[in-house]
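Enquirer:
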Amino acid sequence: MLHSMSTSVEPSSERSAAEVNEEIRALWLRSGGTLSVEQREEYQRLVQEWASALTQPVRAA
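Quick look at the structure:
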């Protein structure tokens, strides 16, 4: 049986909010301040991951 592959990326609970925030900032820098449709989807996924990471306990480095 073949399964269709999801194009969405599940938020990673392994990254801290600061790490995700850094990726969000890099996305905005790469885009020059205007996000394409694909970049908006990535941005929304990253914001959700960032919000989820805020509720996770801080892990030791």
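Letter by letter, the sequence shown follows residues 5 to 65 of this note's numbering. Just so you know, even glycine gets a beta-carbon here, dropped at the ideal spot from N, CA and C.
Quick check on the burial criterion: 16 or more other C-beta atoms within 10 angstroms. Buried or exposed for Gln60?
Expert: The residue you call residue 60 lines up with position 56 of the sequence shown. Burial call: exposed.
Enquirer: Note the first and the last residue of the continuous alpha helix (DSSP H) segment covering Ser20.
Expert: By one-based count along the sequence shown, residue 20 stands at place 16. First-last for Ser20: undefined, no H or E at that position.
Enquirer: Using the Cβ count rule (16 or more neighbours within 10 Å means buried), how would you classify Ala57?
Expert: As a working mapping, residue 57 is identified with position 53 in the sequence shown. With 16 or more other Cβ atoms within 10 Å, it is buried.
Enquirer: Could you check what DSSP says for Ser56 in three-state terms: helix, strand or coil?
Expert: Position 52 of the sequence shown, counted from the start, is the residue given in the question as residue 56. In the structure shown, Ser56 sits in a helix (DSSP, three-state: H, G or I).
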